[in-house]
Amino acid sequence: MSGKEEAKVDENGEEVEETYCIDPICKVPSAKRPRPAPPGARVQETADILGPDSQHAYVQKWVKMEEEEKNGNVKFDVVRNDGPNCSREQLVRLLGLKNVFVKQLPNMPKPYVTRLVFDRKHESLALLKRGTDGDYIVMGGCCYRPFPKQGFGEIAFLAISHSEQVRGYGTRLMAQTKERAKSLGLTVLLTCADNNAVPYFKKQGFSKKITLPLNMWQGYIKDYEGVTLMECKLHKKVNYLRIPAMLKAQKICLVEKLKEVSNSHIVYPGIDARKRKGIDVMSIPGLSDIYPSKDPPSDLKTKVKPPSIANKDPEAQAELKQHLQNVLNQVKSHNAAWPFIEPVDPQKTGAVDYYEVIKNPIDLKTIQDRLDIGWYYITKDIFIADVRRMVENCYHYNGKHHYVSELGGQLEKFFMHKI
Ligand code: ACO
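With the UniProt record's numbering, the residue at position 401 of the sequence shown is 401, and numbering never jumps.
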């Protein structure tokens, strides 16, 4: 579809809007007039440009959650105290919710939690997991009070059982709560978040900026010491249970728009790397399409020279290898080197999604192996690129301010000084 050069027209000559259908809810128009590929080049498919969905850890978590819901191992049910009509099952679930909240929110007085969970103006969304006996057990939940007249809901308590935390259930529970709130006609969720839960709420789209007019909520919601009032706007058009599909649709939209205004989807054949004497810059496939006047900027008029390749000269190669080995020995014995000595072991380190996030892993042992081969590091630049990638991977996975990243930074500085 992405390779088309002309917009499609129907039998009346009207333009037909082609769409990518990645999900029943997301139809994305494809590029109307994508820039065509010149002879010899090809158009890269949108799916190729985006890469596999599985490379994103959040998508994997989401898919796992959806599967668990599909096969009935997990479900989310609305539970409330219907007074005399309340079934035994509902009461058991309300009790289960109260127990999770009391355990996970130890600063909240037990009678207060019990009162709100059983209060008939409140309702809860319970996260239920099927136990080995087939019965559902409350593993978490969100207790809220809808204020339909003012169009907002107040989340009173939200918690996941300790054994199930940080596995994505909190995100899914919030998505379910948002969809429930939308179905009740609410457009805003407010909560007084425990200060240590503020980062979680931020990730769920809550902000400290309250846009709901004061007179709509003041006096209605509960306020405590040591909490932060946060707000999340609910958008009618967003299906909070299909966020990855929506993000993918947006990415496809962007790629398709780019195809109309740039050549980034056009792939030219590669350059023959065996040419040792350098090549004329303008002979690089694609450049003459950018500078059709044959008058490229002056800095492109020179020839591209291949890097000086040491293995043309066995003596120079041996000298380079010796130097790289000396530097590598010093790097390996540096105090900051310990996280980089061996390939990352996801089980031992707890970085279970490491190889999903880091697509080009590298470590000092692998660098040593490459150096031992003899022909791998034919230039110093290739060696430097590997060490730098090792540190870049660390920043990417852990974030720049993580203590392991700080060690990586120290090691790179030391390395660059020695090399
Ligand atoms: N601090 C920083 N980040 C957090 C926290 C936290 N306390 N809790 C979760 N996150 C992050 C996760 O790392 C994850 O980040 P990622 O998407 O980048 O990987 C993201 O938030 C979502 O994590 P989930 O696995 O979906 O959340 P989880 O299942 O752990 O549930 C919850 C989060 C409900 C806060 C749970 O940790 C919990 O029950 N905590 C104890 C009770 C609590 O504090 N409740 C909120 C009190 S405020 C109130 O009730 C109004």
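Don't be surprised by glycine CBs; every beta carbon is placed ideally from N, CA and C.
Fair warning: this is a prediction, and the values are worked out from it, not measured in the lab.
Taking the alpha helix (DSSP H) that residue i falls in, what are its first and last residues?
i	result
F340	First-last for F340: undefined, no H or E at that position.
K182	169–183
M65	57–70
Q204	Run containing Q204: none; DSSP gives neither H nor E here.
L91	88–104
Report whether the distance from the Cβ of residue i to the nearest heavy atom of the ligand ACO is below 7 Å.
i	result
V281	no
F157	yes
L105	yes
R167	yes
K203	yes
I160	yes
residue 443	Within the shown structure, residues of the chain are numbered from 1 to 419, placing residue 443 beyond reach of any answer.
G170	yes
T191	yes
Y376	no
residue 435	Because residue 435 is not part of the residues shown, which for the chain are 1 to 419, the question remains open.
Y144	no
Measure the beta-carbon distance from residue i to residue j and round it to whole angstroms, keeping in mind my assumption that it falls under 8 Å.
i	j	result
K259	P34	4 Å
E141	L125	Reading the sequence as shown, one finds Gly at residue 141 and not Glu. So it is a contact: roughly 6 Å between Cβ atoms.
G409	V387	Between V387 and G409 the Cβ distance is about 12 Å, and since that is not below 8 Å, they are no contact.
K98	V113	6 Å
L184	P213	With 8 Å as the limit, L184 and P213 do not qualify as a contact, their Cβ atoms being about 20 Å apart.
Can you look up residue i in the DSSP assignment and give me helix, strand or coil?
i	result
I384	helix
L128	strand
Y20	Because Y20 carries a pLDDT of 43, less than 50, the predicted location of this residue cannot be relied on, and the following value inherits that uncertainty. Correct three-state label for Y20: strand.
L190	strand
K257	helix
A159	strand
R370	helix
residue 429	The chain is shown from 1 up to 419; residue 429 falls before or after that span and cannot be answered.
L212	coil
S405	helix
I243	helix
A310	Confidence in A310 is poor, its pLDDT being 47 and thus under 50, which makes the residue's placement unreliable; the coordinate value appears in the next sentence. If DSSP states are grouped into helix, strand and coil, A310 belongs with the helices.
D289	helix
K400	coil
G270	coil
V43	strand
G153	strand
Can you tell me where the beta strand (DSSP E) holding residue i begins and where it ends?
i	result
F76	74–79
residue 420	The chain is shown from 1 up to 419; residue 420 falls before or after that span and cannot be answered.
T46	Element bounds for T46: not the beta strand (DSSP E) but the alpha helix (DSSP H), 46–50.
E231	227–233
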